Structure formats: structure tokens, C-alpha cells
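Taking it in order: structure first as C-alpha cells, then the write-up.
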Amino acid sequence: RKRVPASVQLSANLAPALGAVAIGTRELEVVLHHIVENALEAMPGGGMLTITAADLPESSPDGGGMTDEDGASVEVVVTDTGTG
Numbered sequence: 152r153k154r155v156p157a158s159v160q161l162s163a164n165l166a167p168a169l170g171a172v173a174i175g176t177r178e179l180e181v182v183l184h185h186i187v188e189n190a191l192e193a194m195p196g197g198g199m200l201t202i203t204a205a206d207l208p209e210s211s212p213d214g215g216g217m218t219d220e221d222g223a224s225v226e227v228v229v230t231d232t233g234t235g
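Numbering (the numbering used here), first residue to last: 152 to 235.
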């Protein structure tokens, strides 16, 4: 597995009281690994990689987050300053 090079700043912005979600640790690890690997390929000269996680309001029309047992969702967003 690739490591995040020193030329890439990694930032994690996690909401302080994230709800628990029903997803396997390994599943989440694999998904994030692939997203981060893609971001690193888009930033060969370095850049900023940010992972943000926050609870979505239950009335959110998005519905794209991971749902917990109460029907609430957590949204995970990964952004980078790479090309593409």
C-alpha cells in the first residue's frame, strides 16, 4: 500500500459526535484506500487531501450517506487539490 507522501498535506475534519453506522471496518478501509490512492495519483507534485465526516440531518434529501440503525446518516467527503 502507498503511504501519503510528505508533499501531500492530509487533513481529517470529523464532526465531534459522529453517529455510529452499520458498515464493516474492512469495507470502509477498502473504499477510503481506493479514493485516497486515486487522489494521490492526481497530485504527483503534492497538494492537500481532506477527509470530512458529518452527520446528515434526518430530513436531508441526499440520502447518499451511510445509514445507522436509527435511520440517520453520516456523510464522508474526500476532496483533493489534484487535477481531474
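From the three backbone atoms N, C-alpha and C, an ideal C-beta is built for every residue, glycine too.
Bear in mind that the values here come from a model prediction, so they are computed numbers and not experimental data.
Whether residue i touches residue j by CB criterion (8 Å)
{"i": "E226", "j": "A204", "result": "yes"}
{"i": "G207", "j": "V155", "result": "The displayed chain sequence assigns Leu, not Gly, to residue 207. Not in contact: L207 and V155 (Cβ atoms no closer than 8 Å)."}
Length of the line joining the Cα atoms of residue i and residue j
{"i": "G233", "j": "M194", "result": "5 Å"}
{"i": "R177", "j": "V187", "result": "15 Å"}
{"i": "V228", "j": "I202", "result": "6 Å"}
{"i": "G198", "j": "V182", "result": "21 Å"}
{"i": "G235", "j": "L169", "result": "30 Å"}
{"i": "G196", "j": "L179", "result": "27 Å"}
{"i": "A192", "j": "A171", "result": "With the sequence shown as reference, residue 192 is identified as Glu, and Ala is not the correct amino acid for it. In a straight line, the C-alpha of E192 is about 31 Å away from that of A171."}
{"i": "G175", "j": "L165", "result": "19 Å"}
{"i": "S162", "j": "S224", "result": "22 Å"}
{"i": "H185", "j": "P167", "result": "25 Å"}
For residue i: DSSP bridge partner residues
{"i": "T202", "result": "First, the residue type needs correcting, since residue 202 is Ile and not Thr in the sequence shown. Partner(s): A163 and V229."}
{"i": "L207", "result": "S224"}
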